[in-house]
Amino acid sequence: MLATSMPQPMNAEADGARVVVENGVVKFYFASGKADLAAGADAALKQVAEAVAQGHSVVISGYHDATGSAALNAELAKKRASAVRDALVAQGVSADRITLEKPAETTGGASGVEARRVEVVVK
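Below, the structure is given as structure tokens:
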């Protein structure tokens, strides 16, 4: 369904904007304070769109790091998740096949770079 690894984008931002596929979960990492998809995200988006075209649906969850205001971080996590959703819709994925789901714990844990992510799970 999804490739287990994707090449790292050549021009990934220094503070961690990138895309990784781990155990069937597509993880879109974001630069601090940003909701812009990393260069190279199109390949992962295309894989997800192809999976949906085969009858699957996706669940998108946004996370944030612990720096800054909790309210602003929650809004940023939502903007990041929406950016991924919008990019999938632009790839032809029907919005009714996409669920935005707020995780129980939105602080992504680990380092700041690892915490600033959106996860896409194909169901």
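Mapping of the sequence shown onto full-length UniProt numbering: residues 1 to 123, in sequence order. For every residue, glycine included, the Cβ atom is placed at its ideal position computed from N, Cα and C. Predicted, not measured: the structure shown is a model, and the values here were computed from it.
I'd like to know if residue i contacts chain C, where contact means its C-beta is closer than 7 Å to some C-beta of that chain.
| i | result |
| --- | --- |
| Ala104 | Among the chains of the structure shown, chain C does not appear; only one protein chain is present. |
Residue i lies in the alpha helix (DSSP H); which residues open and close that run?
| i | result |
| --- | --- |
| Leu88 | Ala70 to Ala90 |
| Lys46 | Ala41 to Ala53 |
| Glu114 | Gly112 to Ala115 |
Drop a sphere of 10 angstroms on the beta-carbon of residue i, count the other beta-carbons inside from all chains shown, and report buried for 16 or more, exposed for fewer.
| i | result |
| --- | --- |
| Asn23 | exposed |
| Ala83 | buried |
| Asp65 | buried |
| Ser69 | exposed |
| Thr72 | It should be noted that the sequence gives Leu, not Thr, for residue 72. The residue in question, Leu72, is exposed, as its Cβ has fewer than 16 Cβ neighbours within 10 Å. |
| Gln47 | buried |
| Ala77 | buried |
| Ala104 | exposed |
| Arg116 | buried |
Starting from residue i, follow the beta strand (DSSP E) in both directions and report where the run begins and ends.
| i | result |
| --- | --- |
| Leu100 | Ile98 to Leu100 |
| Val25 | Val25 to Tyr29 |
| Gly62 | Val58 to Gly62 |
| Val20 | Arg18 to Glu22 |
Assuming residue i contacts residue j under a Cβ cut-off of 8 Å, what Cβ separation, rounded to an integer in Å, is found between them?
| i | j | result |
| --- | --- | --- |
| Ala87 | Val118 | No, Ala87 and Val118 are not in contact; Cβ-Cβ is about 10 Å, not under 8 Å. |
| Glu49 | Val19 | Rather than Glu, the amino acid found at residue 49 in this sequence is Ala. At roughly 14 Å, the Cβ-Cβ gap does not stay under 8 Å, so Ala49 and Val19 are not in contact. |
| Val58 | Lys123 | 7 Å |
| Ser32 | Gly112 | 7 Å |
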